[in-house]
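Per the numbering used here, numbering through the sequence shown is continuous, rising by one, with the last residue being 939. Glycine included, each C-beta is placed from N, C-alpha and C at the ideal position. Since the model is a prediction, treat every value here as computed from it, not as a measurement. Worksheet: one structure, shown below.
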Amino acid sequence: MSLTMKNANRLRRGLLACFALVALLSAACATAQKEGEIAERRVPLPSNATQTNTNSSGIISAEGGERAGRNTESYSKIDENPFLEVARAPLSTFSIDVDTASYSNTRRFLTEGRLPPKDAVRIEELVNYFSYEYPQPTGSTPFSVTAEVADCPWNAQHRLVHVGLQGRRVASENLPPANLVFLVDVSGSMNGPLRLPLVKSSLRALAEQLTARDRVAIAVYAGTSGLVLPSTPGDRREEILAAIDRLEAGGSTNGGEGIQLAYRVAGENFIKGGVNRVVLATDGDFNVGVTSETELVRLIEEKRGGGVFLSVLGFGRGNLKDSAMENLADKGNGNYAYIDSPAEARKVLGEQVGGTLFTIAKDVKIQVEFNPRLVAGYRLIGYENRLLRDEDFNDDRKDAGEIGAGHTVTALYEVVPAGQRVENPGVDDLKYQQQQQQSSQPTGGANAGELLTVKLRYKAPDGVESQPLNVGVVDSKAAYQNASENFKFASAVAEFGMLLRDSRYKAQSSYEGVLQLARASMGADLRGYRSEFVRLVETAQSLSARGMTN
């Protein structure tokens, strides 16, 4: 072989090596770009799904994820509400829930091409993610109550009861002044595109809503805590945004120390008659210092007595401590949202900032009494971790949920009409109780035609004594096709939740059925949330058809 041919071969091999190196670098850049863009991505049909598993403790493990290593996301275990016989349990009592974290977290799983673990799906939070535009309240009551009854779409033998609360809307110029403290987790666990960058987007969205009457401070914690921005008037936007831009992640987490600092700053700048609130932004991975959830809850309960409430914004994946964050928000008289994209940040802290931060009624409890003449049994769909004892309803010492300005709250009951058998898996039929029920059924009376009565108790934001509100509900025997759009869409979302949970009570539920119901009840959908729901259902249907399990 000549020297010229050898040189040509060397040149050819060199060029091939260069091409290979360029290809590798291009692939790496594409991967990095994809990870950076994931926060804005909107529900594509999945192409390479990974499987997520859940063990009995509620800790999920999943292939892939934001960071390498073991996946330690945690969710409180949910045992679905069973059907109850009215003869044994005529009352159903629970606290309202305005949290929406489960919906956006479920969306995150589906966007990534995975079905969510069952315990990540809290059906009431899926339903309450959407606004249903119930009638505005009249008089001095801070919210209205609406009830509707129609056929149950997944079980033709049953009826579905839809109860809706509509909080009074308050124009932004009429909101009271706010004293806010952003408490930001900047520990090492907050690295990654779905974490601190999204926190900054969320804080910017909230900063844009502030006025000169408002005050805002930014505290951080990571091993030690500190004040990045002292309490500052809300119209000094450049200072606020500059402080947000300076936030960087690194170190381990001492959540307890940071919360103590935030409450101290909020107390020093307390506005009487205003909104006084700590907004905690974290993945919930408290791994240094006050690590006990019980200790944190005790701290937050102590501080809420002084009138400073708590909202929790969850971020990230792989080590998301959903159970801890939900509990902290509940005990702090606040709400819990999961932020999976800048769009969700704008929704929670921009479009719906009044409902997120401004409480119009606290300790709101619902108690439903069923008429045994018309109802054999019932099942509350969702709200498993909001159940109260019947005697708690009239006990003003018992804490319950809050409703914000303009918020809607929806609850659904699946009802077994009188004369039908109530399925109670694991329990044999009781022959003597059946005889007693038949002999003791009422035969008439002023309220004989009512299917049920919805009773509520609530307090003013600064009140200590609850106010009652009762609404009787009559079943007009409406067919499902004649139900309202609100009824149809809420039932579609509930059915979707039962499918994701593989509920023992899903009956004839199907993804195709959910899609038909949702598409027929889109309403105006000005912001596209219901259209996005349809895409999520299509994604879940595709994953389910391919044999992916949760």
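- Less than 9 Å divides the Cβ of G703 from the Cβ of Y725.
- Excluding five sequence positions before and after A849, none of the CB atoms of its chain fall closer than 6 Å to its own CB.
- Counting along the chain, no alpha helix (DSSP H) covers Q546; the unbroken beta strand (DSSP E) around it starts and ends at 544 to 556.
- Here DSSP, grouped into helix, strand and coil, assigns P806 to strand.
- Rounded to whole angstroms, the Cβ separation of L777 and T482 is 5 Å, and the two are in contact under 8 Å.
- Counting only runs of 4+ residues, the alpha helix (DSSP H) found wholly inside the stretch 549 to 630 occupies 585 to 596, in chain order.
- For N859, the enclosing beta strand (DSSP E) covers residues 856 to 863.
- Shortest Cα-Cα distance from R916 to any of G581, R735, S614, M714 involves R735.
- About 10 Å separates the beta carbons of V923 and L906, which is beyond the 8 Å limit, so they are not a contact pair.
- The Cβ atoms of G902 and P542 lie closer than 9 Å to each other.
- Beta-bridge partners assigned by DSSP to S481: V757.
- Excluding the 5 residues flanking it on each side, N871 has same chain C-beta neighbours closer than 8 Å at A539, in chain order.
- Here the C-alpha atom of H551 lies approximately 5 Å from the C-alpha atom of E537.
- For the pair of segments examined, the stretch 765 to 774 was found to touch the stretch 506 to 523: the number of CB pairs separated by less than 8 Å reaches three.
- In chain order, V516, Y521, H551, T799, L801 place their CB closer than 7 Å to the CB of A879, counting only its own chain and leaving out the 5 sequence neighbours on each side.
- When DSSP states are grouped into helix, strand and coil, G695 belongs to the coil group.
- The beta carbon of N716 sits closer than 7 Å to the beta carbons of E682, V686 from its chain, once the five residues preceding and following it are set aside; these are given in chain order.
- Under the three-state reduction of DSSP, F704 is assigned to coil, being neither helix nor strand.
- DSSP places G766 in the strand class (E or B) of the three-state scheme.
- Contact check for V609 against L636 passes: the beta carbons are separated by less than 9 Å.
- Taking the Cα positions, G739 is about 8 Å away from E597.
- In this structure G852 is not in contact with V487, their Cβ atoms being roughly 18 Å apart against a cut-off of 8 Å.
- Under the DSSP assignment, T928 falls in the alpha helix (DSSP H) whose first and last residues are 918 to 934.
- Residue pairing by DSSP places R666 opposite L569, F698 in a beta bridge.
- Where V534 is concerned, the enclosing beta strand (DSSP E) starts and stops at 532 to 541.
- DSSP places G793 inside the beta strand (DSSP E), whose first and last residues are 790 to 793.
- Boundaries of the alpha helix (DSSP H) around T495: 490 to 500.
- Contact check for R496 against L889 fails: the beta carbons are separated by 9 Å or more.
- In the DSSP assignment, K844 falls within the beta strand (DSSP E) that extends over 839 to 848.
- Buried is the label assigned to T748, since at least 16 other Cβ atoms lie within 10 Å of its Cβ.
- An exposed status is given to D779, since fewer than 16 other beta-carbon atoms sit within 10 Å of its beta-carbon.
- Three or more Cβ pairs closer than 8 Å define a contact, and the stretch 554 to 564 meets that threshold against the stretch 525 to 532.
- The beta carbon of D864 lies closer than 6 Å to those of V538, L840 in the same chain, with the five residues before and after it left out.
- By the CB criterion at 9 Å, D752 and N708 fall outside the cutoff.
- For Y727, the enclosing beta strand (DSSP E) has its first and last residue at 725 to 727.
- With contact defined as three or more Cβ pairs closer than 8 Å, the stretch 757 to 766 and the stretch 467 to 481 are in contact.
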